[in-house]
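**Q**
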Amino acid sequence: MKKRLLSMLMAVLMIVSLVPAVALADGSNCEHKNVSEIVVEKNATAKQPGITAKVCKDCGEVRMCNVTPFVTKRNYCTTCTNPVTVEVQKATCTEAGLTVTYCGTCGQPIDGIAAKGVAALGHDYAFTVVVKPTCNKDGWGYAQCKVCGEPIYVANAAAAVALLPAGAEKEDVAAVEALFAMTNKDHKDTKALTTVTEKVVDKNGKTIATPAVAATHVETIYGKAVAVDKDGNLVRENYGTVPTGAGKEADKICADCNYVLPGKTLDGLNDAHKSAMKVIKEGEQPYLDKYDNDAKVDGVTDVVYCAICNKTFGGTTISYDKWNNVKADNVPGVTTEIRNAKDAICEVAGYTGDTYTWVMTKPATENTEAEYGFVLSQVGTEIPALGHHFVAVEGKAPTCTEAGYNYNGYYKCDRVDKDGNSICNATKGNSYQIPVPALGHNMTVKVLVEATCQHQGLNVYACSVCNTPLKNEKGDVAYYTAKVDHVAADELANVVAATCTEAGYSGDQVCKWCGEILKKGEEVPALGHKTEVKDAKAATCTEAGYTGDEVCTVCGETVKKGTEIPALGHKFVNGVCTVCGEKDPNYVVPNPFKDVEKSSPYYDAIIWAADKGVTTGKTADTFGINDGCTRAQIVTFLYRAAGSPEVKADTVNPFTDVSKDSVYYNAILWAVEKGITKGTTDTTFDPNAVCTRGQIVTFLFRYSGAEKVATGTDFADVASGSYCADAVAWAVANKVANGFADGTFRPEATCTRGQAVTFIFRALAK
């Protein structure tokens, strides 16, 4: 009994699965001619039931849907309690969508939950015009779906509108129609024509359309228009042209075919506004005042008010001379003018004009002045007709669709006036038009949309000359090209540059249309840091240094911090650091001389001199404090104390008693060069003579610059005119040397070696 009930239940469930489901769209009026067939293979492993369905593309009604469970019958659920709803197929532009609910445990359809269909979405087109519409012809182009990219040929405005969805807004329909529809059929819409603002000429230079000319009022006298000469002067009719003030509306022209709608002629405002015009003050012609010795009186035009224009005009002065064509500089018997001249044209003779000469027409009397005027002096002659100037008339070139024609020996006169307007239409020869057949179209394939991996391409047969769409032998204007394989883009996608610390990516080769990855890239190893040492600082004797940081030149990261370098400390040798030259504050210069006691007044000077290399003593361990100091020794001490400067190569030795190989040679030449000494004579220096106290202070005085001091000297043995007086005064003032207790300086006394280095020490070691 249970088995029978189970079989009956299964039969009911299978029947339910075959009943068409209710569509999302109302398909009551749909004929269901366009159906999407959907098939999904059963896959037990993936728990995917088999599905076979038909869904109407137009209304979305599910016409049939069979679900095959993914388990065997014996494994069907008695009661399915695990419903799973799956969108089997998503609706696209061209295919219907389908959503099915089934048991996730066995794959059976769930009782009471029907499959749901969605109508195809339809294309959302963007339109492209290939050939623009003209006044009397639709344009053509193509449309391409914004979603899927599928293209379609658009033959005309009606075809474009037909691609819009049902119920499209009127504004959208009008916008699409305007892209392709002819712009002004038969030029019925005159507002669509372009108003001409400047002269338009055709390819042959002939004027075909002109801009507007405003109608105007004209000047009058006694209500009659006044003539105007070529210079704009108001004159008699005999000498000028009577204006009408007429104007015209601007011509209108079709930008596509040059069709011209002529502008209407406008009456002059004197006529058009006649009923609204009122003469305020009547004018008068120029005249000769017989009551004033026939004086010339200028005229004036009528003053008129126009109510329509709300404007007063006229009242213009008319020159007597201009009115009568009188020239101010007329000379009797000389001044002439030509009247009645006429240009010759093709078949009509011209006339040179009659010559009128300015002469006296009435002699002066006692009461009147002479009168002058122009009198015919020479009759003109006829100018022969020019004859025609014939040029060959060109035919009409054929086009793709229209026949042309040629002429054989047909000519037309091309004479024009000074303004370029034709003055003769004479022709000669055979005017028969020799037909030239239409050229016919030159069919070529025009690619409208390139095929991609996403959509078909679209080509059209069109004339290479005029772009008119053409049908091939099968009657097709356009045809599709199949989708193509992916094509790699010119540039790689997803490229990531490697950095010092992070890996990069070479980039994927992707399709230029859909972006699908055609070939994956590879990881690019991190570049690693490229370092250089920055902020390094060498240690000195007194300051610590720094090894410097290792900094990446690419990313700027400090890869390794530096360390401090301890100060080096001084390396003193003989009281001076061999590294930085700083003196040792605790250094005591050794005394090399056994004959120099520390209690000696010369001690500091002798030790300084020995330390500085000024002197080395008489022997290695004796100085000879009280020994006399020779002139050569004194100069040598001073030379060494000054730093042993280099002697100029061109310095001449004037002394015969100073040999070049002597130890004091450079010192003596230097002293002479600096003006410190001149020798005992012009040619002798007397180097071994004992130096006096006066001589040494003189040497030092001259070396210091020989700047005198104001104090002078009070020494009894130093006369004011003595050679060493200024030097002694300077030495005492600068505490280089002192006198003796008895008030003497003893300038002629021998200067001992101890005194010599002491004087030099005091003068230079400050």
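Under this note's numbering, the first residue of the sequence shown carries the number 78, and numbering increases by one thereafter.
Where a beta carbon is used, it is the ideal one built from N, C-alpha and C, also for glycine.
This one's a predicted model, so the numbers in the text were calculated from it and none came from an experiment.
1. Can you give me the C-alpha to C-alpha distance between K262 and T205, rounded to a whole angstrom?
2. Grab the span of the alpha helix (DSSP H) containing E248 for me, first residue to last.
3. Terminal residues of the continuous alpha helix (DSSP H) containing L175?
4. So, at 6 Å on beta carbons, what are the nonlocal neighbours of E326 in its own chain, with the 5 sequence-adjacent residues on each side left out?
5. Please work out which residues of its chain come closer than 7 Å, Cβ to Cβ, to A349, disregarding the five sequence neighbours upstream and downstream, and give them in chain order.
6. Does the count of Cβ pairs from the segment 214–226 and the segment 186–203 closer than 8 Å reach three?
7. In chain order, what are the residue ranges of uninterrupted beta strand (DSSP E) at least 3 long that sit wholly in the segment 143–170?
8. Report yes or no: do three or more beta-carbon pairs, one from the segment 399–418 and one from the segment 299–315, lie closer than 8 Å?
9. Taking only runs of the alpha helix (DSSP H) that begin and end inside the segment 738–824, which ones reach a length of at least 4 residues, in chain order?
10. Helix, strand or coil for F700 per DSSP?
11. How would you write the range of the alpha helix (DSSP H) that F838 sits in, first residue to last?
12. With distances taken between CB atoms, is the gap from T790 to V809 smaller than 8 Å?
13. Given a cut-off of 8 Å, decide if F792 and F822 are closer than it, judged by their beta-carbon atoms.
14. Excluding the five sequence neighbours on either side, which residues of its own chain have a C-beta within less than 7 Å of the C-beta of A555, listed in chain order?
15. Thinking C-beta only, is G756 closer than 8 Å to F778?
16. Less than 8 Å between the beta carbons of A332 and T271, yes or no?
17. Does the distance from the CB of H606 to the CB of V631 come in under 8 Å?
18. With respect to the alpha helix (DSSP H) encompassing Y509, which residues constitute its N-terminal and C-terminal limits?
19. What do you get for A251, buried or exposed, if any count of 16 or more other CB atoms within 10 angstroms of its CB means buried?
20. Taking 8 Å as the cut-off, decide whether the C-beta atoms of N651 and A709 are in contact.
21. Measuring CB to CB, does L746 end up less than 8 Å from T728?
22. With distances taken from CA atoms, which of G486, V513, I385, G694 is nearest K355?
23. Going by C-alpha distance, which of V238, A269, K247, A234 is nearest F257?
24. Between the alpha carbons of A848 and K675, how many angstroms are there, rounded?
25. Between which two residues does the beta strand (DSSP E) harbouring T713 extend?
26. Alpha carbon to alpha carbon, how far is P409 from E446? Give it in angstroms, no decimals.
27. Shortest alpha-carbon distance to E723 belongs to which of E750, M520, D698, V691?
28. Measure the Cβ-Cβ separation of G32 and I395 and say whether it is below 8 Å.
29. Can you name, in chain order, every residue of its own chain whose Cβ lies under 6 Å from the Cβ of G694, other than the five neighbours on each side?
30. Taking the alpha-carbon positions, what's the A833 to T617 distance?
31. Can we say the segment 544–551 touches the segment 502–516, given the rule of at least three CB pairs closer than 8 Å?
32. Secondary structure at T267, three-state DSSP: helix, strand or coil?
33. Spell out the partners DSSP gives C222 in its beta bridges.
34. Counting only runs that start and end within the segment 525–599, where is the beta strand (DSSP E) found for 3 or more residues in a row?
35. For V561 and K596, I'd like the C-alpha separation in whole angstroms.
36. Can you list, in chain order, the residues of its chain whose CB lies under 7 Å from that of P461, leaving out five sequence neighbours each side?
**A** Quick look at the numbers:
1. As a position in the sequence shown, residue 262 is number 185, starting the count at 1. As a position in the sequence shown, residue 205 is number 128, starting the count at 1. Spanning the two alpha carbons is a distance of roughly 22 Å.
2. Locating residue 248 in the sequence shown gives position 171, counting from the first residue. Run containing E248: 247–257, per the alpha helix (DSSP H) assignment.
3. Here residue 175 is taken as the residue at index 98 of the sequence shown, counted from 1. L175 -> not in any alpha helix (DSSP H); beta strand (DSSP E) instead, spanning 174–180.
4. Counting from one through the sequence shown, the residue named residue 326 turns up at place 249. Once the five neighbours on either side are set aside, the close Cβ partners of E326 are A289, G340, K341.
5. Taking the sequence shown and counting its residues from 1, the one referred to as residue 349 is at position 272. Close CB contacts of A349 within its chain, under the 7 Å cut and outside five residues either way in sequence, are with A292 (chain order).
6. yes
7. 160–166
8. yes
9. 742–750, 770–781, 802–810
10. Along the sequence shown, one-based indexing puts residue 700 at 623. Of the three classes helix, strand and coil, the one that applies to F700 here is coil, per DSSP.
11. Taking the sequence shown and counting its residues from 1, one reaches residue 838 at position 761. It spans 830–841 - the alpha helix (DSSP H) in which F838 sits, taken as one unbroken run.
12. Position 713 of the sequence shown holds residue 790. Position 732 of the sequence shown holds residue 809. Between T790 and V809, the C-beta spacing is below 8 Å.
13. The residue given as residue 822 occupies position 745 in the sequence shown. The residue given as residue 792 occupies position 715 in the sequence shown. Yes.
14. To locate residue 555, count along the sequence shown from 1; it is residue 478. If we look at A555 and ignore the five residues flanking it on each side, its Cβ neighbours are Y230, L535, N536, V537.
15. Numbered from 1 along the sequence shown, position 701 holds the residue referred to as residue 778. Numbered from 1 along the sequence shown, position 679 holds the residue referred to as residue 756. Cβ atoms of F778 and G756: not closer than 8 Å.
16. Numbered from its first residue, the sequence shown carries residue 332 at position 255. Numbered from its first residue, the sequence shown carries residue 271 at position 194. Yes. Within cutoff.
17. Working through the sequence shown from its first residue, we reach residue 606 at position 529. Working through the sequence shown from its first residue, we reach residue 631 at position 554. Contact: yes.
18. Walking along the sequence shown from the start, residue 509 turns up at place 432. Neither: Y509 is in no alpha helix (DSSP H) and is coded neither H nor E.
19. On the sequence shown, position 174 is the one that residue 251 refers to. Answer is exposed; the Cβ neighbour count stays below 16.
20. Taking the first residue of the sequence shown as position 1, residue 651 is located at position 574. Taking the first residue of the sequence shown as position 1, residue 709 is located at position 632. Result no, Cβ atoms of N651 and A709 do not sit closer than 8 Å.
21. Residue mapping note: residue 746 aligns to position 669 of the sequence shown, counting from 1. Residue mapping note: residue 728 aligns to position 651 of the sequence shown, counting from 1. A contact, by the Cβ cut-off of 8 Å.
22. Residue mapping note: residue 355 aligns to position 278 of the sequence shown, counting from 1. Of G486, V513, I385, G694, the residue nearest in Cα terms is I385.
23. In the sequence shown, the residue the question calls residue 257 occupies position 180. The candidate whose alpha carbon is nearest that of F257 is A234.
24. Here the chain comprises residues numbered 78 to 843, so residue 848 is not present and cannot be evaluated.
25. Here residue 713 refers to the residue found at position 636 of the sequence shown. Premise fails: T713 lies in the alpha helix (DSSP H), 708–718, not in any beta strand (DSSP E).
26. Counting from one through the sequence shown, the residue named residue 446 turns up at place 369. Counting from one through the sequence shown, the residue named residue 409 turns up at place 332. C-alpha separation (whole angstroms): 15 Å.
27. The residue given as residue 723 occupies position 646 in the sequence shown. Answer by Cα proximity: E750.
28. Here the chain covers residues 78 to 843 and nothing more, so residue 32 does not appear.
29. Mapped onto the sequence shown, residue 694 falls at position 617. Within the same chain, G694 has close Cβ partners F670, F700.
30. Counted from its first residue, the sequence shown places residue 833 at position 756. Counted from its first residue, the sequence shown places residue 617 at position 540. Rounded to the nearest angstrom, the two C-alpha atoms are 40 Å apart.
31. no
32. As a position in the sequence shown, residue 267 is number 190, starting the count at 1. The answer is helix: DSSP assigns T267 an H, G or I state.
33. Taking the first residue of the sequence shown as 1, we reach residue 222 at position 145. Y202.
34. DSSP runs (the beta strand (DSSP E)) wholly in the segment 525–599: 534–540, 555–558, 594–596.
35. Your numbering for residue 561 matches position 484 in the sequence shown. Your numbering for residue 596 matches position 519 in the sequence shown. Each residue's alpha carbon lies about 18 Å from the other.
36. On the sequence shown, residue 461 is found 384 positions in, with the first residue counted as 1. Excluding positions up to five away in sequence, the list reads A421, A426.
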